[in-house]
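Numbered by this note's numbering, the letters in the sequence shown go through residues 14 to 245 in order.
One structure below.
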Amino acid sequence: RSKRVLDHVDCEIRSGAISAIVGPNGAGKSTLLRLLAAVRSPDSGSITIDGDDLCSIPADQRATRIAYLAQRATLAFDYDVARVVGFGRHASRGGDAVDRALDRFELRELASVPFGTLSVGQQQRVSLARVWAQLDGIENGYLLADEPCASMDPRHAEQSMGALQELASRGIGVGVVLHDLSTACTIADYGIVLDAEGQTLAQGPSAESLSESVLSEVFSIPMMRRSIDGIG
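Written out as structure tokens, the structure reads:
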């Protein structure tokens with residue numbers, strides 16, 4: 014008998030804000046992100062964007078509004094970095110978005126390097142640059158990212174989180190799965206907390222949804238939130 018991964022989940026990725034999706038291993042966070050990106054279709058219920066059923070929108074039209082970043086990128090061919098970043102412009106085409114993305118994520122020197130030869134952290138930067146290019150010039154789009162900085166060194170992880178904040182500041186709705194709760198509490202405007210049964214335990218402003226009591230309950234371990242130099 015197959016197990017239902019998500020059950021009675023009701024959530025929203027808000028425009029112009031960062032929504033952190035957190036929960037224990039196996040809670041269905043990655044599945045939720047794939048559903049929100051229309052990579053998978055729900056067995057029941059609905060997912061809408063501006064009132065329209067998401068799965069009824071043709072893929073090329075969805076690509077002009079929604080950028081999806083999986084936990085690990087896989088390629089059938091070993092394209093170079095510039096080509097991979099350029100995939101983000103397949104639906105929109107034209108412009109200097111690829112050049113801006115290469116510069117924003119410090120990838121200019123790696124532009125001609127095969128993607129498969131990069132470290133995992135470098136591949137994550139390239140993948141983030143791809144979705145950045147995809148959303149370049151879009152003000153009402155969405156970025157759905159699954160652990161986008163998990164393997165990056167601290168400097169590039171901080172730069173990349175700053176890039177997510179930049180996207181939100183120009184109106185993009187950012188939904189990001191994070192296991193690093195310190196980062197989630199620092200950058201998130203809103204929180205979506207899934208419990209071990211794949212149900213929504215909490216949703217709302219991060220101060221409430223990512224509170225000590227909620228996080229302690231969902232992870233079954235005492236949690237404390239503390240600010241360091243006014244952060245967190």
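Built from N, CA and C at the ideal position, the CB exists for glycine as well.
- Residue range 155-159 is occupied by the beta strand (DSSP E) that includes residue 159.
- From the listed residues 153, 174, 97 and 125, the smallest Cα separation to residue 26 is found for 153.
- Of 146, 115, 237 and 60, the smallest CA-CA separation from residue 102 is found for 146.
- With distances taken between CA atoms, residue 113 lies nearest to 143 out of 170, 69 and 143.
- Counting C-beta atoms within 10 angstroms of its own C-beta, residue 97 has 16 or more neighbours from the protein chains shown and is therefore classed as buried.
- Rounded to whole angstroms, the Cβ separation of residue 93 and residue 126 is 6 Å, and the two are in contact under 8 Å.
- Secondary structure remark: continuous alpha helix (DSSP H) runs of at least 4 residues inside the segment 79-143, in chain order: 94-99 and 110-117.
- Taking the Cβ atoms as the reference, residue 157 lies roughly 5 Å from residue 81, within the contact range of under 8 Å.
- For residue 34, the pairing in a beta bridge is given by DSSP as 190 and 205.
- The C-alpha of residue 69 is placed about 34 Å away from the C-alpha of residue 198.
- Following the DSSP letters along the chain, one finds residue 214 inside the beta strand (DSSP E) bounded by residues 213-218.
- Out of 211, 42, 232 and 217, the CA that lies nearest to the CA of residue 159 is found in 42.
- Contact between the segment 214-222 and the segment 49-66 is absent, with fewer than three C-beta pairs closer than 8 Å.
- By the C-beta density criterion, residue 151 is buried, having at least 16 other C-beta atoms within 10 angstroms.
- Comparing alpha-carbon positions, the option among 193, 44 and 185 lying closest to residue 232 turns out to be 193.
- With 16 or more other CB atoms across the displayed protein chains lying within 10 angstroms of its CB, residue 161 is buried.
- When the beta-carbon positions are compared, residue 205 and residue 35 come within less than 9 Å of each other.
- By the CB criterion at 9 Å, residue 187 and residue 46 fall outside the cutoff.
- Residue 207 has its alpha-carbon roughly 14 Å from the corresponding atom of residue 226.
- The alpha helix (DSSP H) runs of length 4 or more contained entirely in the segment 42-77 are, from start to end of the chain, 42-49 and 72-75.
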